[in-house]
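Residue numbers for the sequence shown follow the working numbering, so the first one is 1 and each next one is one higher. Written below as C-alpha cells is the structure these notes are about.
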Amino acid sequence: GSGYIEDILCGKRFRISAKSFYQINPIQTEKLYGTAIEFAGLTGKETVLDAYCGIGTIGLVALDKAKQVIGVELNKDAVKDAIYNAKLNNCGNIRFFCADAGKFMVGMAEEREKVDVVLMDPPRAGSDLNFLKSVVTLAPEKVVYISCNIETQARDLGFLCKNGYKVRKIQPVDMFPHTSHIETVVLLSREKADDHIRFSINTEDLKKNVGGYATYGDIKAYVLEKFGLKVSSLYIAQTKDKCGIKERENYYIGEGKSKELICPPEKEQAIMDAFRHFGMLRD
Numbered sequence: 001g002s003g004y005i006e007d008i009l010c011g012k013r014f015r016i017s018a019k020s021f022y023q024i025n026p027i028q029t030e031k032l033y034g035t036a037i038e039f040a041g042l043t044g045k046e047t048v049l050d051a052y053c054g055i056g057t058i059g060l061v062a063l064d065k066a067k068q069v070i071g072v073e074l075n076k077d078a079v080k081d082a083i084y085n086a087k088l089n090n091c092g093n094i095r096f097f098c099a100d101a102g103k104f105m106v107g108m109a110e111e112r113e114k115v116d117v118v119l120m121d122p123p124r125a126g127s128d129l130n131f132l133k134s135v136v137t138l139a140p141e142k143v144v145y146i147s148c149n150i151e152t153q154a155r156d157l158g159f160l161c162k163n164g165y166k167v168r169k170i171q172p173v174d175m176f177p178h179t180s181h182i183e184t185v186v187l188l189s190r191e192k193a194d195d196h197i198r199f200s201i202n203t204e205d206l207k208k209n210v211g212g213y214a215t216y217g218d219i220k221a222y223v224l225e226k227f228g229l230k231v232s233s234l235y236i237a238q239t240k241d242k243c244g245i246k247e248r249e250n251y252y253i254g255e256g257k258s259k260e261l262i263c264p265p266e267k268e269q270a271i272m273d274a275f276r277h278f279g280m281l282r283d
C-alpha cells in the first residue's frame with residue numbers, strides 16, 4: 001500500500017505514516033485538544049511552541065487561534081508528515097523542525113527568541129530533566145502539559161513548580177473508557193509579583209490579636225484596668241522569665257531595684273492573664 005493512512009481531526013486532514021504517533025480515539029482526541037487550546041487562552045497574537053509535535057496535530061489545531069506555531073519533533077518520519085499536513089491544510093505561519101526539543105528550546109533562548117506558550121505532549125516516560133530546564137530557560141508565560149501517565153507528569157510538574165511556575169488548571173480526559181487510562185491536561189503559568197498576597201498590618205491589632213506582642217505599658221494598663229493592681233516592669237520581667245517568654249534585647253533595663261523583690265502571686269497571675277490576652281502565652 002501507500003505506507004500511510006489519512007484521518008480527519010478537528011476539521012483538518014492528517015496523513016499518518018507507519019512510524020508516526022497518532023491518538024486512536026478521534027472523538028475523545030478532539031475533546032483533549034480542545035481542552036489544551038482552551039487552557040492556552042490564545043488570542044491570535046501568540047507564538048506557540050509545539051514540543052513533541054509528532055505529525056503536527058496539536059500545532060495545526062492551535063494555529064487557528066495563534067499568530068504562529070513552531071513544531072519540534074525528533075522522529076524524522078513524523079516531521080515529514082507534519083510538513084506534508086501543513087501543506088495539505090493550506091496552513092501558513094507554522095514551521096516544523098527535526099530536533100531534540102530541549103536543545104532546540106535552549107538554542108531559542110540563547111538567540112533571545114520569544115515564545116508565549118509551550119504545548120507539550122511527551123511519551124509515557126515523561127520529559128527529561130534537560131527538556132524541563134530548557135522550558136525554564138525559555139520562560140514562556142504558559143505551559144500546557146498533556147500526558148498519558150499521571151505519575152511522570154506529577155514528577156515533571158514538581159520540577160516546574162519549583163522553578164517559577166504554578167499549576168492553574170487540571171483536566172483529565174477519558175481516552176479509553178472502561179480502563180484506568182486517561183490523558184491529563186495541565187495549565188501552568190509563570191508566577192508573578194501579583195500572585196503574592198498583599199496585606200497591611202494594624203499595629204494595635206497586632207498587639208492584641210495576632211503577633212504575641214505588647215509593651216510593658218500595655219500590660220500595666222491592662223492589669224490595672226481589669227484587676228485594680230499596679231505592677232512594675234520588674235514584676236513583668238520576672239513573670240516573663242518564669243513563663244519562658246524571651247525578652248527582646250535591651251528591652252527591660254530595670255528600675256534601679258534589686259531583683260530580690262519577688263512578684264507577689266496575685267500580681268503574677270494578673271500579669272499572666274495579660275500575657276494570654278495579648279497572645280503572648282497560650283494555655
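Built from N, CA and C at the ideal position, the CB exists for glycine as well.
Using the Cβ count rule (16 or more neighbours within 10 Å means buried), how would you classify Pro172? Pro172 should be labelled exposed.
Reduced DSSP secondary structure (H/G/I, E/B, other) of Met120: DSSP places Met120 in strand when its eight states are reduced to three.
Candidates Thr239, Tyr33, Arg190 and Cys10, of which the one nearest Lys142 by Cα: Of the listed residues, the one whose Cα sits closest to Lys142 is Arg190.
If I follow the unbroken alpha helix (DSSP H) through Pro177, where does it start and stop? Per DSSP, Pro177 belongs to no alpha helix (DSSP H) and is neither H nor E.
For my contact list, Val297 and Leu119 are in at a C-beta cut-off of 8 angstroms; report their separation, rounded to the angstrom. Here the chain comprises residues numbered 1 to 283, so residue 297 is not present and cannot be evaluated.
Where do the N-terminal and C-terminal ends of the alpha helix (DSSP H) with Gly102 fall, by residue? Looking at the DSSP string, the run of the alpha helix (DSSP H) that includes Gly102 is Ala101 to Glu110.
Between Asn25 and Cys10, what straight-line distance do the alpha-carbon atoms span, to the nearest angstrom? If I take the Cα positions, the gap works out to 13 angstroms.
By Cβ distance below 7 angstroms, which residues in the same chain neighbour Asp309 in space, the five residues on each side in sequence not counted? With the chain running from 1 to 283 in the structure shown, residue 309 is simply not present.
Among Asp273, Lys242 and Gln238, the one whose alpha carbon lies nearest that of Gly224: Checking the sequence, you will find Leu at residue 224 rather than Gly. If we check each option's Cα against that of Leu224, Asp273 comes out closest.
Can you tell me whether Cys53 is helix, strand or coil according to DSSP? The three-state reading of DSSP puts Cys53 in coil, since its state is none of H, G, I, E or B.
Note down, in chain order, each residue of its chain lying with its Cβ closer than 6 angstroms to the Cβ of Glu266, except the 5 sequence neighbours on either side. Cβ within range, chain order: n/a, list empty.
Using the rule of at least 16 other Cβ atoms within 10 Å of the residue's Cβ for burial, across every protein chain shown, is Ala125 buried or exposed? If you draw a 10 Å sphere on the C-beta of Ala125, you find fewer than 16 other C-beta atoms in it, and that means exposed.
Own chain residues within Cβ distance below 7 angstroms of Leu88, not counting five before or after: Within the same chain, Leu88 has close Cβ partners Arg13 and Arg15.
Where does the unbroken alpha helix (DSSP H) through Leu157 begin, and where does it stop? Element bounds for Leu157: Ile150 to Cys161.
Nearer than 7 angstroms: is that true of the beta carbon of Ile55 relative to any heavy atom of the ligand HEM? This structure does not include the ligand HEM; it has no bound ligands of any sort.
Hey, how far is the Cα of Leu188 from the Cα of Thr29? Cα-Cα distance, rounded: 21 angstroms.
Gly3 versus Lys80: straight-line alpha-carbon distance, rounded: Distance between the alpha carbons of Gly3 and Lys80 is about 13 angstroms.
Within 10 angstroms of the Cβ of Thr43, are there 16 or more other Cβ atoms? Answer buried if so, exposed if not. So Thr43 counts as exposed.
Taking C-beta to C-beta, are Leu63 and Val69 nearer than 8 angstroms? The answer is yes: Cβ separation under 8 angstroms.
Residue range of the beta strand (DSSP E) that Ile94 falls in? Where Ile94 is concerned, the enclosing beta strand (DSSP E) starts and stops at Ile94 to Cys98.
Candidates Ile5, Glu6 and Ile27, of which the one nearest Pro177 by Cα: The closest CA to that of Pro177, considering only Ile5, Glu6 and Ile27, is found on Ile27.
DSSP three-state call for Pro26: helix, strand or coil? Secondary structure of Pro26 (DSSP, three-state): helix.
From Cys98, Ile146, Gly59 and Gly228, residue whose alpha carbon lies closest to that of Cys91: Put simply, of Cys98, Ile146, Gly59 and Gly228 the residue whose alpha carbon is nearest the alpha carbon of Cys91 is Gly59.
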